[in-house]
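Chemist: The following block contains the structure, expressed as structure tokens.
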Amino acid sequence: MSVEVSVVREANDESVETFARLLLQLSDAAGPLDREAVGRLLTGDATTVLLARVEGEVVGMLTLVMFPLLSGLRARVEDVVVDEAARGHGVGGALTEEALRLAEAAGARTVDLTSRPSREAANRLYERLGFEARNSTVYRFVLRRWVEPHTAEGSVARLQAAAAP
1 MSVEVSVVRE ANDESVETFA RLLLQLSDAA GPLDREAVGR LLTGDATTVL
51 LARVEGEVVG MLTLVMFPLL SGLRARVEDV VVDEAARGHG VGGALTEEAL
101 RLAEAAGART VDLTSRPSRE AANRLYERLG FEARNSTVYR FVLRRWVEPH
151 TAEGSVARLQ AAAAP
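Residue numbers (the numbering used here): 1 to 165.
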């Protein structure tokens, strides 16, 4: 199976549909993006979105985020998703290798990513590609405006916001 990886440059019907289809496989919390949101993502200075195609069909995507810090240019791999039907055929590896190539070409010092322990195949892939687990704890603070309205947390947040002076 030959995998072709390219940078998405335009918010068009294909990119909007592709993001919607693949995001459903990535996250229950991520809603579909409209053309304007996809355009903002694709034109952002910090983000590069890669698509993987097999025989012309989009079967995966990855977002590479690069940002300057006082300690140098850093990169993160985010939102890696491979269509269920294409998993195990090198798509994730091709996407990640291209992201690493782009980060190195840009002068990034490091590339980080996070992956749930339950994603055993993905974690094996990342280790094969040279990623090393860090002795670190990842923290997350969910801003109230991003709490999903249909969840219990969202209901509580709406009630608290309504009761606030």
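Just so you know, even glycine gets a beta-carbon here, dropped at the ideal spot from N, CA and C. Owing to the predicted nature of the structure, the values given are computational and were not obtained by experimental measurement.
Where do the N-terminal and C-terminal ends of the alpha helix (DSSP H) with Leu42 fall, by residue?
Modeler: Indexing the sequence shown from 1 puts residue 42 at position 42. 35-43 is the extent of the alpha helix (DSSP H) around Leu42.
Chemist: Out of Leu125, Pro68, Val3, Leu33, which has the shortest C-alpha to C-alpha gap to Leu113?
Modeler: The residue labelled residue 113 in the question sits at position 113 within the sequence shown. The option with the nearest alpha carbon to Leu113 is Leu125.
Chemist: Can you tell me whether Asp13 is helix, strand or coil according to DSSP?
Modeler: The sequence position of residue 13 within the sequence shown is 13, counting from 1. It is helical.
Chemist: Relative to the ligand FMN, is the shortest distance from any of its heavy atoms to the C-beta of Val77 smaller than 6 Å?
Modeler: Among the ligands in the structure shown, none appear at all, so the ligand FMN cannot be discussed.
Chemist: For Arg128, does the three-state DSSP call read helix, strand or coil?
Modeler: Here residue 128 is taken as the residue at index 128 of the sequence shown, counted from 1. If DSSP states are grouped into helix, strand and coil, Arg128 belongs with the helices.
Chemist: Tell me the rounded alpha-carbon separation between Ala122 and Glu17.
Modeler: Numbered from its first residue, the sequence shown carries residue 122 at position 122. Numbered from its first residue, the sequence shown carries residue 17 at position 17. Cα to Cα, the separation comes out at about 24 Å.
Chemist: By the three-class DSSP mapping on this structure, what secondary structure does Gly72 have?
Modeler: Within the sequence shown, numbered from 1, the residue matching residue 72 stands at position 72. The answer is strand: DSSP assigns Gly72 an E or B state.
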